[in-house]
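If you use the numbering used here, the first sequence corresponds to residues 886 to 1555, in order.
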Amino acid sequence: MPRYYLTTAIDYVNSRPHLGTAYEKIAADVIARYRRLAGFDVRFVMGNDEHSQNVFRQAAEAGLEPIAYCDRMEQEFRKAWSSLDISFDDFIRTTQPRHKAGVTEIARRLHAAGDIYQGTYEGWYCVGCEAFKQDKDLVDGRCPLHPRTEPQWLKENNHFFRLSKYRQPLLDHLHAHPEFIQPESRRNEILRLLEGGLEDVSISRAGQSWGIPLPFDPGSVVYVWFDALINYASAVGLGTDDELLATWWPADLHVIGKDITRFHVVIWPAMLLAAGLPLPRRVFGHGFMTKDGQRMSKSNPGTIIDPSDAAARLGADPLRLFLTKEIVFGNDGDFSWGRFEEKYNVDLANNLGNLVNRVTAMAERYRQGRLVAAPAAETLAAAATTHAHAYAAAMDALQLDVACQSAFRLVDATNEYIAASAPWALAKAGQDHALDRVLWNASEGLRVAAVLLSPVMPASCRTILARLGTPVADVGDLRLERDAQVHVSGTRQLTRADALWPRLEADATAAPISTKTKETPVSDTPKDVAATPAVPAAPAASPAAAQVTAPPSAAAPVEGTDTRLSIDEFMKVDLRVAQVLTAERVPKSKKLVKLSVDLGSETRTIVAGIGEAYEPEALVGRRIAIVANLKPAKLMGIESNGMVLAASAEGNRPILIDFAEPPAPGTRIR
RNA sequence: GCCGGUGUAGCUCAGUUGGUUAGAGCAUGCGGCUCAUAUCCGCAGGGUCCGGGGUUCAAGUCCCUGCACCGGCACCA
């Protein structure tokens, strides 16, 4: 049995998964399930990346040990993936002993190969900022933010990886294996990057406790991204189980976001070359998800969609289909509730779902559900073969959207076949033989379509197969070769049941469905499956829900990570009323405005990013709210001593705070 | 200002290395069917492929240029 090892990127645990991360897992899951269907022995690995300083900080803020925080986040992630029916075989965490063993092994190998050397990072260090400063950041040899503090010349011991040594081998590899990076556009970017030269990279941090110690310098920990990449090999036994490693490595496919392509096609392969390990066969950089055209990001709450919510609304399978079929794999994709609901109605309610219903209904009505094999209908059988081949070719080429479309063409072909052969007319005319044949073939067209769609909609397809009298214990038992063609022998008992995907009516689609419905678990006995819908009836929009036009709100903070401030902490912020004396645009900037403001006792210069929303002249005389005790910052060469308060949603123009009655400049706000 | 992306039917988008008459779904109009969740099937209308210039026997596709929108950074303290 051929093997297939694929991975997704492991996820940072500093926030809960959103639809963008879910998209990657769904796409990878579709590929994994397709490979199983195609007869491969599949290993599908996902996991969490836990050794970042951010995680360390977040844990501290939540009053937790880092590992306890990570444990909690693991549950969050597992819950999300479970609600989306992600069929990973293994879930690796970078804090696990097996991963530490893998990292240690790689570090040891690179060290032995002479590809790690000790270097020092030297530079001006500003104690006030707790950071190294570049020469260009210093003014008269001093940190502009802390002009009274003498910067210190510091050295930090670091270990460097000789990445530069692998420039030519990487270029050779890319030329020898054009399929290594996909899609194509990313490959060109990397070629340009390599042609421009590579610099060695630092792989350690001194003086940190949260991380994996370097075997040859226990005082340093491995830098987080270097650590993270190794998970792909440590998950299959690097450093712990040579036999397992030999079985699965190299990976057939890394599915990652396009933003981290260069880590995966430059640094990671260079590490493997240095360690004497084979390179992964393919790296696929998928696109980003947007919400209603806006970039989905943590700092923009309106764009964050909780994948479990989205799945709960119409079902995990409809969501999986939408993301797989409507987004060209490799391109950015947009999610909107309206489009999701539209595609749900068209593809699932009207076409596939209705086909299931009409086939089972006719079988029951004309034959008490009992169908006997009949000769294949030529056109439909040919369509099944053609579309199944196109489907497999597309899947092999990772054109997931094209593959879905092929499967749906078979759904269309089956609907056409039914219309053309009019079984209801045959029934009326008493042409039993012809009727038997049409019913059998229609059910076969549908069955093959369900087999093809099973990687995308596993639970639903299992239900469809059960209703068609061809139950499987697990869709993983299906095989393309055997099951994705029209069969011409046997007898079956079909069962009609509730609509799989009830059509959403216009007024229901206008409002988000706030009721969280969980998918009815599919029972193990096919009989029950046939009797129970895999997806509950769409919840009717209640009058109350109909008034709500906003989508479900952004992800709530993780339980237990209470980030609220005490009153003392809040009082540290010195908010003041200020009156604008002068305002002028900062030359060559897009949105910066330089203000001088009256604070009662003093006059301050503040630079604010409000130039896109306000004309500077209109600000003069206006009373605004500012933060008065911020550390100064330099913006476009101008020192800003404070911050103007404004309502500012990401992507929207800021709106200044206004006072209904004018307070005196300098008045404290609290 | 720099870097990147996008611009194709009313809407949402496909369009491989240049190659017949530029496609799909939705929406619209007409017709058919009644097994089915008012579903399905057929037909039709609808396009300056953002503008301009160029290369070529041939350009939605390649090159130059302009415009518009989006994203990132410089600058949101």
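By construction, the Cβ of each residue, glycine as well, lies at the ideal position given by its N, Cα and C atoms.
The distance from the Cβ of Leu904 to that of Phe1220 is about 6 Å, consistent with a contact at the 8 Å cut-off. In this structure, Glu990 sits near Gly1124, with a CB-CB distance shorter than 9 Å.
Taking 3 residues as the shortest admissible run, the stretch 905-951 contains the following complete beta strand (DSSP E) segments, listed from N- to C-terminal end: 926-934.
Under the DSSP assignment, Phe1225 falls in the alpha helix (DSSP H) whose first and last residues are Trp1222 to Lys1228. Runs of the alpha helix (DSSP H) lying entirely within the stretch 1079-1106, each at least 4 residues long, are absent. Excluding the 5 residues flanking it on each side, Pro1501 has same chain C-beta neighbours closer than 6 Å at Ala1468, Glu1469, Arg1470 and Val1478, in chain order. When DSSP states are grouped into helix, strand and coil, Ala1131 belongs to the helix group.
Between the alpha carbons of Asp975 and Glu1064 lies a gap of roughly 26 Å.
In the DSSP assignment, Ala1358 falls outside any beta strand (DSSP E), carrying neither H nor E. When only Cα atoms are considered, Asp1286 and Gly1092 end up about 48 Å apart. Membership of Tyr1302 in the alpha helix (DSSP H) is indicated by the continuous run Leu1285 to Ser1306.
The Cβ atoms of Val1168 and Leu1129 lie no closer than 9 Å to each other.
In this structure, the straight-line span from the alpha carbon of Phe1111 to that of Asp1459 is close to 41 Å. Across the structure, Leu1520 and Lys1475 are spaced so that their CA atoms are roughly 12 Å apart. Secondary structure note for Asp975: its beta strand (DSSP E) is the uninterrupted segment Asp975 to Arg978.
In the three-state reduction of the DSSP assignment, Thr1175 falls in the strand class, which pools E and B. Sequence-distant partners of Arg1388 (beyond 5 residues in either direction) whose C-beta falls short of 6 Å from its own C-beta, in its chain, are Asn1230 and Ala1234.
Contact check between the stretch 1239-1256 and the stretch 1269-1282: fewer than three CB pairs, one atom from each, fall below 8 Å, which does not count as touching.
Distance check between Ile971 and each of Leu1056, Pro1054 and Leu1204 places Leu1204 closest, using alpha-carbon atoms only. For Gln1378, the enclosing beta strand (DSSP E) starts and ends at Thr1376 to Gln1378. The beta carbon of Gly1254 sits closer than 7 Å to the beta carbons of Ala1248, Gln1378, Leu1379 and Thr1380 from its chain, once the five residues preceding and following it are set aside; these are given in chain order. In this structure, Leu922 places its C-beta atom within 9 Å of the C-beta atom of Ser1339. For a cut-off of 8 Å, the C-beta gap from Ile1523 to Ala1532 is around 24 Å, too long to register as a contact. A Cβ-Cβ separation of about 39 Å leaves Gln1067 out of contact with Asn1042 under the 8 Å criterion. Distance from the CA of Ala945 to the CA of Arg1555, rounded to the nearest whole angstrom, comes to 28 Å. In this structure, Ala1298 and Gly1330 form a Cβ contact; the two beta carbons are roughly 6 Å apart against a cut-off of 8 Å.
Cβ-Cβ separation between Leu1055 and Val1121: approximately 23 Å, too far for a contact (criterion under 8 Å).
Residue state for Leu1240 is assigned as helix, using DSSP reduced to three classes.
According to the DSSP assignment, Thr1348 belongs to the alpha helix (DSSP H) that extends over Pro1343 to Arg1352.
Residue pairing of Glu1469 in beta bridges, as defined by DSSP: Lys1479. The beta carbons of Ala1113 and Asp934 sit about 5 Å from each other, so the pair counts as a contact at 8 Å.
Shown here for Ile1115: same chain residues with a beta carbon closer than 6 Å to its own, the five before and five after excluded, namely Gly987, Val988 and Ile991 in chain order. Annotated three-state conformation of Ala1120 is coil, per DSSP. Just measuring C-alpha positions, the residue of Val1323, Pro1100 and Arg983 sitting nearest His1044 is Pro1100. From the listed residues Ser1049, Ala997 and Ala1160, the smallest Cα separation to Leu1078 is found for Ser1049. Between Trp1386 and Gly1238 the beta-carbon gap is near 4 Å, inside 8 Å, which marks them as a contact.
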